[in-house]
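>
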Amino acid sequence: MTQTGHVPGAGTSAALATERARKEMLRDARIERRGGPRPRIGADALCEALLLQGSNIIWGYPGGVILPLYDVLVDHPGLRHILVRHEQAAAHAADGFARASGKVGVCLGTSGPGATNLVTGIGTSMLDSVPVVAITGNVPGVLLGKDAFQEIDITGITLPMTKHNYLIRSADEIPHAIAEAFHIARSGRPGPVHVDITKDALMGETTAPHPTQAEVEAGLPGYRPKLDGHARQIKVLADAIAASKRPVILAGHGILISQAERELLELARKAQIPVAWTLLGIGVIDESDPLAYGYMGMHGWKHVNRAIQSADLLIGIGMRYDDRVTGNVRTFAPSATIVHVDIDPAEIGKNVVADIPIVGDAKHVLAALIPLTPSVAPAARADYFAELATWRTASESSAWHGSGGWRDGVLSADFVVERIAEGSQHDANLTADVGQNQMWVARYGGFKRANSHLSSGGLGTMGFALPAAMGAAVAVPEKTSWAIAGDGGFQMTLQELATIVQERIPVKIALMDNKKLGMIRQWQEIVYGGNYHSEQLAGPDYLKLCDAYSLPAWKVSKPEEVDAAVAAALAVDGPALIWFEIAERQNVYPMMPAGKGLSDLIDKWGDDGEDVTEGSSGPRVDPTDPNAPSGATK
Amino acid sequence: MSGAAPARALPGSGDARRHLIVAIVNNRPGVLNRVASLMRARNFNIESLAVSVTERSDTSRMTLTILGDEVHVEQATKQLYKLIDVLKVEDVTDSAIVEHELALIKVRVTSKSRPELVSLAEMHHGRVVDLGDDAAIVEIVGEPGDVDRVVELLREFGIKELVRTGSVVMARGSGSIEEQVKR
Chain D
1 MTQTGHVPGA GTSAALATER ARKEMLRDAR IERRGGPRPR IGADALCEAL LLQGSNIIWG
61 YPGGVILPLY DVLVDHPGLR HILVRHEQAA AHAADGFARA SGKVGVCLGT SGPGATNLVT
121 GIGTSMLDSV PVVAITGNVP GVLLGKDAFQ EIDITGITLP MTKHNYLIRS ADEIPHAIAE
181 AFHIARSGRP GPVHVDITKD ALMGETTAPH PTQAEVEAGL PGYRPKLDGH ARQIKVLADA
241 IAASKRPVIL AGHGILISQA ERELLELARK AQIPVAWTLL GIGVIDESDP LAYGYMGMHG
301 WKHVNRAIQS ADLLIGIGMR YDDRVTGNVR TFAPSATIVH VDIDPAEIGK NVVADIPIVG
361 DAKHVLAALI PLTPSVAPAA RADYFAELAT WRTASESSAW HGSGGWRDGV LSADFVVERI
421 AEGSQHDANL TADVGQNQMW VARYGGFKRA NSHLSSGGLG TMGFALPAAM GAAVAVPEKT
481 SWAIAGDGGF QMTLQELATI VQERIPVKIA LMDNKKLGMI RQWQEIVYGG NYHSEQLAGP
541 DYLKLCDAYS LPAWKVSKPE EVDAAVAAAL AVDGPALIWF EIAERQNVYP MMPAGKGLSD
601 LIDKWGDDGE DVTEGSSGPR VDPTDPNAPS GATK
Chain B
635 MSGAAPARAL PGSGDARRHL IVAIVNNRPG VLNRVASLMR ARNFNIESLA VSVTERSDTS
695 RMTLTILGDE VHVEQATKQL YKLIDVLKVE DVTDSAIVEH ELALIKVRVT SKSRPELVSL
755 AEMHHGRVVD LGDDAAIVEI VGEPGDVDRV VELLREFGIK ELVRTGSVVM ARGSGSIEEQ
815 VKR
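Protein sequences appear in the order of chains D and B.
Residue numbering for the first sequence is 1 to 634, as defined by my numbering.
Residue numbering for the second sequence is 635 to 817, as defined by my numbering.
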């Protein structure tokens, strides 16, 4: 028996390197601090790079291979590390931070499960074009691919759901990789970038300098976002606006990202065009502006969808004509010329055929468009606006504007959202979860300010509200941050109550408890013929829960208690929760069933008021009836 | 609003055909995976893929053949362009190009059929690159259709093994996709 024992390939240099790395994994890796300056290691380069990018908040969770970074954090006091209770929350917090501030959010996890836990949050940022840099540790380079403890091919996992990703195996690569990651994350169409760094790269000594922005850009010949729209196409659009009798602007997230709200308003005013917005476009215009027409799409306002269906010109800017916006493309806006302005060329022509495609940044394109656009006197569109106003009055005064439930002493969710927005002077950041609560926030949030509405639109990630609101509260401390979550989503990430209490992050939580997975129940009622399953959701006594976390909390079951509770929560210097026991069977209306068109909105189901009447349990549609409608429209 | 308006056309309702895409990419680990992963995730079906280093050691050239209509393939090229490591993409299907692939075909031979095989290969600009007692390898280089024809002719000998590289293409004339890459 030789001394090499059971080492595979004993004696080869690869085997020796593997052995050394295995020992390294277990070695006491503390940096020698006694006396004199210590060498700069990869982890230092990482901290410096983050600070150089103006990033001083890290949302993270430690673990074995990322510990060398935690070992040097003390030497970089400009960085604030916020310890979450689950890595998914770190990714959502970084996402919320980025959405609320426009800056790049940073989250951190260790290898293996730490990294996979980040994945849902990274995917959320990807689908909504949110700039996030996600950093993970990995096992030492020579152990990659050997299924070492907590090793997983995380770059293989994040590859299809990031804008770009890196596997860094040497300390010298860190400064350039981080600078490049930030540049890619925030420029062009933003998105998450994942940087996976091996433990030996974090621990290796390095003198590598930080690159300048010019060096970063020069090193990316395959990445040159196109900002200016094609001049001839912009002229074609200006002419189309001049010829249009019934134009509608469809404003999306891209306007917020490029900070083109002022240009949007200028165009709308100059050419007298009503503005509709997508879910992620909420906040592009003050909703009380006369030209602000409303939220469109599957659960959008009926008058808005009606305006889109009757438009002769749809000017989509920084949005992607996705299925929740268009419904059935065949019947979408049948008389309209479709304009599509987007910075991502791949979005144009993907979901709808664009008659006037323009690739470019919203702000650049609008700035070039405005001087070419003719001024339209309000009188010239008087008939059009009068018709729009009639439609609006009809849809807003409908009993199904919300439910009218508060009039009957039942707490209706839309009423709660309206009172929260009002109580916060329409200036708070409202972060929604996913499901009915998300649509109520979108419809009734009364937004006046850009980046004040946070919602997981593309991926539709339940559990988003609390951690993302945490990010928003830290990013914009001068504004109130509300997390408005259903009892389903809240129970997915409520472990973060400990984080907001420990870190004193002043998130105000509005828990909309209908003791149901409300949107599931709504679909099972309307689309699945009343065949309910797994929609009943038990929860804890949330007052006791909050007590256990030392979190001030109130319970509200009656409409007349809402304002006082909102005021009390806002008066708390720190986090607080209001437990709203809302009507259990309220639906979000109107609703466009999947596969239907914008003209096929359902605006009620069953008898008036039934949705909010307690005790009207049981399916409205007899599931045993072979003729029961499935996906029927009114 | 009348319901009489015609249905809006969906993107990409044209005829599917074979497209040839050339991509110049960074010669780095994982780039092939990025391209393959993108094509899979976006539901594009790669019929063949040939990759090799270019005249510059820091870039590689990929030749992909994809089946799809114009809009579908345009979407594929746009998505490819979004990859940071992709420097240049071109759909050369309708350009004046030279398109070749190489095939090696191992066939059964007997002392009797051997001369016949050699002359058949020569007649089609192929050659016999290995000749044994009971098997031979024929190499053929040419347009995919030419390769198809030779393969058909060789079937009567009995094909034991067949490998094709997939198409590689180059535009005729003085233009160079590599020179168009911005650096």
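Just so it is clear, CB atoms sit at the ideal spot from N, CA and C, and this is done for glycine as well.
Would L220 (chain D) pass as an interface residue toward chain B - the criterion being a Cβ-Cβ separation below 8 angstroms?
Closer than 8 angstroms to some Cβ of chain B, the Cβ of L220 (chain D) qualifies, so yes.
> Counting only beta-carbon separations shorter than 8 angstroms, does V720 (chain B) have a partner in chain D?
Chain D contact via Cβ: present.
> Helix, strand or coil for Q536 (chain D), going by three-state DSSP, please let me know.
In the structure shown, Q536 (chain D) sits in a strand (DSSP, three-state: E or B).
> For a contact defined as C-beta to C-beta under 9 angstroms, what are the partners of R330 (chain D) on chain B?
By Cβ distance, chain B contributes A641, R642, A643, L644.
> Extract the residue ranges of the alpha helix (DSSP H) inside the region 284-360 of chain D, only unbroken runs of 4 or more that lie entirely within it.
Segments of the alpha helix (DSSP H) lying fully in the region 284-360 of chain D: 302-309, 323-326.
> Quick check on N679 (chain B) - is its C-beta less than 8 angstroms from some C-beta in chain D?
It does not: the Cβ of N679 (chain B) has no partner Cβ on chain D nearer than 8 angstroms.
> Whole-angstrom Cβ separation of S187 (chain D) and P225 (chain D), contact assumed at under 8 angstroms?
With a Cβ gap of about 6 angstroms, S187 (chain D) and P225 (chain D) count as contacting.
> Note down, in chain order, every chain B residue with its Cβ under 8 angstroms from the Cβ of D413 (chain D).
In the sequence under discussion, the amino acid at residue 413 (chain D) is Ala, which differs from the Asp named in the question. Under the 8 angstroms cutoff, chain B gives no residues; its nearest Cβ is about 32 angstroms from A413 (chain D).
> When you compare only the Cα positions, how much space is there between D607 (chain D) and Q522 (chain D)?
Residue confidence for D607 (chain D) is low, a pLDDT of 41 falling below 50, so the modelled location carries little weight; the figure read from the coordinates is stated next. Going from the Cα of D607 (chain D) to the Cα of Q522 (chain D) covers about 15 angstroms.
> Under three-state DSSP, which class holds G783 (chain B)?
Here residue 783 (chain B) is Arg; the residue named in the question, Gly, does not match the sequence. Here R783 (chain B) sits in helix by DSSP.
> Is there a C-beta anywhere in chain B that falls below 8 angstroms from the one on I343 (chain D)?
Cβ-Cβ to chain B under 8 angstroms: no for I343 (chain D).
> Taking only runs of the beta strand (DSSP E) that begin and end inside the region 734-788 of chain B, which ones reach a length of at least 3 residues, in chain order?
The region 734-788 of chain B contains these whole beta strand (DSSP E) runs: 761-765, 769-776.
> Comparing C-alpha positions only, which one of D:N437, D:T431, D:G457 sits nearest to A100 (chain D)?
Ranking the options by Cα distance to A100 (chain D), first place goes to D:T431.
> Which residue from D:T155, D:P175, D:I178, D:P160 puts its Cα closest to that of L167 (chain D)?
Residue D:T155 is the option with its Cα nearest to L167 (chain D).
> Take T326 (chain D) and list the residues in its own chain whose beta-carbon comes closer than 6 angstroms to its own, dropping the five residues that flank it on each side.
Within the same chain, T326 (chain D) has close Cβ partners F332.
> Which whole-angstrom value is the C-beta distance of R443 (chain D) and Y295 (chain D), which I expect to be below 8 angstroms?
Contact flag correct, Cβ pair sits at about 6 angstroms.
> Return the chain-ordered list of same chain residues with a C-beta closer than 7 angstroms to the C-beta of R742 (chain B), the five sequence neighbours on each side being excluded.
Cβ neighbours of R742 (chain B) beyond the five flanking positions: D768, A769, F791, G792, K794.
> Strictly by DSSP, which residues pair up with H453 (chain D)?
The partner list for H453 (chain D) (beta bridge, DSSP) reads D:L430.
> Output the residue ranges of the alpha helix (DSSP H) runs that lie fully inside the region 690-719 of chain B and measure 4 residues or longer, sorted by chain position.
Counting whole runs of 4 or more residues, the region 690-719 of chain B contains the alpha helix (DSSP H) stretches 704-716.
> Is there a Cβ of chain B sitting closer than 8 angstroms to that of P68 (chain D), yes or no?
Answer no: the Cβ-Cβ gap between P68 (chain D) and chain B never drops below 8 angstroms.
> Which residues of chain B have a Cβ atom closer than 8 angstroms to the Cβ of Y589 (chain D), listed in chain order?
The premise fails here: Y589 (chain D) is roughly 22 angstroms from chain B at the closest Cβ pair, so nothing lies under 8 angstroms.
> Whole angstroms are fine: how far does the CA of L721 (chain B) sit from the CA of M439 (chain D)?
M439 (chain D) and L721 (chain B): Cα-Cα distance of roughly 41 angstroms.
> Could you compute how far the alpha carbon of H253 (chain D) sits from the alpha carbon of G318 (chain D)?
For H253 (chain D) and G318 (chain D), the distance between alpha carbons rounds to 6 angstroms.
> Pull up the distance between the alpha-carbon of E387 (chain D) and that of A377 (chain D), whole angstroms please.
So the alpha carbons of these two residues sit roughly 17 angstroms apart.
> Which same chain residues end up closer than 7 angstroms to E584 (chain D) when comparing Cβ atoms and leaving out the 5 residues on each side of it in sequence?
Cβ within range, chain order: N514, K515, K516, E614.
> Contact between the region 551-563 of chain D and the region 475-491 of chain D is defined here as three or more beta-carbon pairs at a separation below 8 angstroms; is this criterion met?
Flag = no, the region 551-563 of chain D and the region 475-491 of chain D do not touch.
> On the DSSP bridge list, what partners appear for M591 (chain D)?
According to DSSP, M591 (chain D) bridges with D:I602.
> Quick one: is G618 (chain D) near chain B, going by C-beta distance under 8 angstroms?
Below a pLDDT of 50, predicted positions are generally treated as unreliable, and G618 (chain D), at 32, falls in that range; the measurement from the model is reported next regardless. So no, G618 (chain D) is outside the interface.
> Roughly how many whole angstroms lie between the Cα atoms of V665 (chain B) and L698 (chain B)?
So the alpha carbons of these two residues sit roughly 14 angstroms apart.
> What are the partner residues of N660 (chain B), as DSSP defines its beta bridges?
Answer by DSSP bridge pairing, in chain order: B:T693.
> Which chain C residues are close to Q713 (chain B), counting only those with a beta carbon under 7 angstroms from its beta carbon?
This model lacks chain C altogether, as its protein chains are D and B.
> Run through the DSSP bridge pairs and tell me what H253 (chain D) is partnered with.
Its beta-bridge partners do not exist; DSSP assigns none.
> So A737 (chain B) contacts chain D; which residues on that side make the cut at Cβ distance below 8 angstroms?
Neighbours of A737 (chain B) on chain D: none; closest Cβ ~32 angstroms, over 8 angstroms.
> CB P818 (chain B) to CB V352 (chain D), shorter than 8 angstroms?
This structure does not reach residue 818 (chain B), given that chain B is present from 635 up to 817, and the question cannot be answered.
> Give me, in chain order, the residues of the same chain whose beta-carbon lies closer than 7 angstroms to that of M470 (chain D); leave out the 5 immediate sequence neighbours on both sides.
Excluding residues within five positions, the ones whose Cβ falls inside 7 angstroms are A93, G96, E496, T499, I500, I505, V507.
> What residue range is occupied by the uninterrupted alpha helix (DSSP H) comprising H176 (chain D)?
Unbroken alpha helix (DSSP H) run through H176 (chain D): 174-186.
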